[in-house]
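Engineer:
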Amino acid sequence: MSKRVVITGGALGLGRALAERHAYVGGRVLTADRRPQTASRRSQPVGRTALGRSLVHPLRRAGATTGNAFFTGASSGPGEQMARTFAARGRDLALCARRTDRLQALREELLAAHPGIKVSVRSLDANDHQQVFDVFHALREDLDGLDRIIVNVGLGKGKPIGTGRFDANLQTARANFTAALAQCEAAMEIFRAQGSGHLVVVSSMSTMRGFPRNLTTYAASKAGLSALAEGNRAEMTVTRTPIAVTNLHPGYIATDQSAARAEDAFDVEGVHAWLTRQIDGLTAPALKSSSSRAAHRTSPTS
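Plus 144 on top of the position in the sequence shown (first one is 1) and you've got the numbering used here.
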């Protein structure tokens, strides 16, 4: 059962931030403010469907967008679900993951359901940093450019600090930060050469504060990833470079990794629907598309 909280001064500033943070984790919020016309918009109870609305950092919103999409970690979880949604919208896709059998099965499923699209897949061990660059550039060649790259890989294998499991914490830090850094580097290298693109980094709500026990290293590594994305986005803004960078903070997702604790997690379908809305509702500046892709691309209906 979700907690209920009343927040005064909830229209602006810290009050609003607190209201949205509480709603983000499934709470029910009532706000009060002397600006009734503003506060009333926040006065409806908000459930888990909010999933961190205030923690998205959009550059521009312009309704439906077009362009192909490249998902890492696409063999399961939200990556797999988002690939299905983008395929249904007529988008060409680039997909990579370690589990090539599941990735190939997904490709065959998508092509059977949507024969007009192109789906290119590659095996990728994100901890092999040279392979990251090789795979990203190969997929760029496959699709004649990449419009949007979603960095969506991570590992939740940490253990309490000082309990003799540095190996698990190091593996978590490498997967969640260093491997993600390699992907961001490869993505931005492509976008800078193209002069356009949209990098989406799927981080975590755990970046908001330190977490105890098994989540300590996980939260720290995701916080580093978010700082990386925010710094990159700031540079693109200051230099007026036409590359969009979006940093997303979904809640705890029920995946193969978290199956043992799934009762505490958001369902994959709900998170993937929210992620898709945020990703596809953000317009990357000057998205480029080839005529061959545009011929069979359809606009999203949501």
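For each residue, glycine too, the CB sits at the ideal point set by N, CA and C.
Between the alpha carbons of Leu239 and Val150, how many angstroms are there, rounded?
Structural biologist: When rounded, the distance between both Cα atoms is 44 Å.
Engineer: Hey, quick one: how far does the alpha helix (DSSP H) through Asn313 stretch, first residue to last?
Structural biologist: Its alpha helix (DSSP H) spans residues Phe310 to Ala317.
Engineer: I'd like to check one pair, Pro394 with Gly339: are the Cβ atoms closer than 8 Å?
Structural biologist: For Gly339 and Pro394, no; Cβs fall outside 8 Å.
Engineer: DSSP three-state label for Thr390, please.
Structural biologist: In this structure, Thr390 counts as strand in the three-state DSSP scheme.
Engineer: With DSSP as the reference, label Arg235 as helix, strand or coil.
Structural biologist: The answer is coil: DSSP assigns Arg235 none of H, G, I, E or B.
Engineer: Could you check whether Gln275 and Leu268 sit closer than 8 Å to each other, using their CB atoms as the reference points?
Structural biologist: Their beta carbons are under 8 Å apart, which means Leu268 touches Gln275 by this criterion.
Engineer: Keeping to the same chain, check which residues put their C-beta closer than 6 Å to that of Arg251; ignore five residues upstream and five downstream.
Structural biologist: Result list for Arg251: Val263 and Val265, in chain order.
Engineer: Comparing C-alpha positions only, which one of Gln248, Ala378 and Ala323 sits nearest to Asp272?
Structural biologist: Out of Gln248, Ala378 and Ala323, Ala323 has the C-alpha closest to the C-alpha of Asp272.
Engineer: Give the DSSP-derived three-state secondary structure of Arg246 in the structure shown.
Structural biologist: Here Arg246 sits in helix by DSSP.
Engineer: DSSP three-state call for Ala218: helix, strand or coil?
Structural biologist: Here Ala218 sits in coil by DSSP.
Engineer: Residue range of the alpha helix (DSSP H) that Arg284 falls in?
Structural biologist: Taken as a continuous stretch (DSSP letters only), the alpha helix (DSSP H) holding Arg284 covers His273 to Asp286.
Engineer: Short check: CB of Thr231 to CB of His258, under 8 Å?
Structural biologist: Note that residue 231 corresponds to Ala in the displayed sequence, not to Thr. Yes, the Cβ-Cβ distance between Ala231 and His258 is below 8 Å.
Engineer: On the DSSP bridge assignment, give the partners of Arg266 in chain order.
Structural biologist: Cys240.
Engineer: When DSSP labels each residue in this structure, what does Ile305 get in the three-state scheme?
Structural biologist: Ile305: coil per DSSP, three-state reduction.
Engineer: Could you tell me which residues DSSP pairs with Gly341 in its beta bridges?
Structural biologist: Ile387.
Engineer: Going by DSSP in three states, Ile334 sits in which element: helix, strand or coil?
Structural biologist: Helix, per DSSP.
Engineer: Using C-beta distances below 6 Å, list every residue in its chain close to Val346, excluding the 5 sequence neighbours before and after it, in chain order.
Structural biologist: Within the same chain, Val346 has close Cβ partners Asn296 and Leu392.
Engineer: Between the Cα of Asp245 and the Cα atoms of Arg235, Ser219, Leu254 and Asp236, which residue gives the shortest distance?
Structural biologist: Among Arg235, Ser219, Leu254 and Asp236, the Cα nearest to that of Asp245 belongs to Ser219.
Engineer: Using a Cβ-based criterion (distance less than 7 Å to any ligand heavy atom), does Arg336 qualify as near the ligand COA?
Structural biologist: For the ligand COA, the structure offers nothing, since it holds no ligand at all.
Engineer: For the segment 282-292 against the segment 304-320, do three or more pairs of beta-carbon atoms, one drawn from each stretch, fall closer than 8 Å, so that the two count as touching?
Structural biologist: No, because fewer than three Cβ pairs between the segment 282-292 and the segment 304-320 fall closer than 8 Å, the two stretches do not touch.
Engineer: Have a look at Thr216 and Thr307 and give me their C-alpha separation to the nearest angstrom.
Structural biologist: Their Cα atoms are separated by approximately 32 Å.
Engineer: Please state whether DSSP places Val297 in a helix, a strand or coil.
Structural biologist: Note: Val297 maps to coil in three-state DSSP.
Engineer: I'd like to check one pair, Leu369 with Phe321: are the Cβ atoms closer than 8 Å?
Structural biologist: Cβ distance < 8 Å, so Phe321 and Leu369 count as in contact.
Engineer: Using a Cβ-Cβ cutoff of less than 7 Å, which residues in the same chain neighbour Arg302 once the five nearest sequence positions on both sides are dropped?
Structural biologist: It should be pointed out that residue 302 corresponds to Gly in this sequence rather than to Arg. These residues qualify, in order along the chain: Ala312, Asn313, Thr316, Asn358, Leu359, Thr360, Thr361 and Tyr362.
Engineer: Could you check if Ala241 is buried or exposed, using at least 16 other CB atoms within 10 Å of its CB as the buried criterion?
Structural biologist: With 16 or more other Cβ atoms within 10 Å, it is buried.
Engineer: Which first and last residues belong to the alpha helix (DSSP H) in which Leu372 is found?
Structural biologist: Where Leu372 is concerned, the enclosing alpha helix (DSSP H) stretches over Thr360 to Val382.
Engineer: When you compare the CB positions of Thr381 and Val344, do they come within less than 8 Å of one another, or not?
Structural biologist: No, the Cβ-Cβ distance between Thr381 and Val344 is not below 8 Å.
Engineer: Let's test the definition: count the other Cβ atoms within 10 Å of the Cβ of Thr152 and tell me whether it reaches 16, buried, or not, exposed.
Structural biologist: With fewer than 16 Cβ atoms within 10 Å of its Cβ, Thr152 is classed as exposed.
Engineer: Assuming the contact rule is C-beta atoms closer than 8 Å, Gln225 and Ala270 should be a hit. Round their C-beta distance to whole Å, please.
Structural biologist: Not confirmed; about 19 Å, so no contact.
Engineer: Buried or exposed: which applies to Thr351, given that a residue is buried once 16 or more other Cβ atoms fall within 10 Å of its Cβ?
Structural biologist: It is buried - the Cβ of Thr351 has at least 16 other Cβ atoms within 10 Å.
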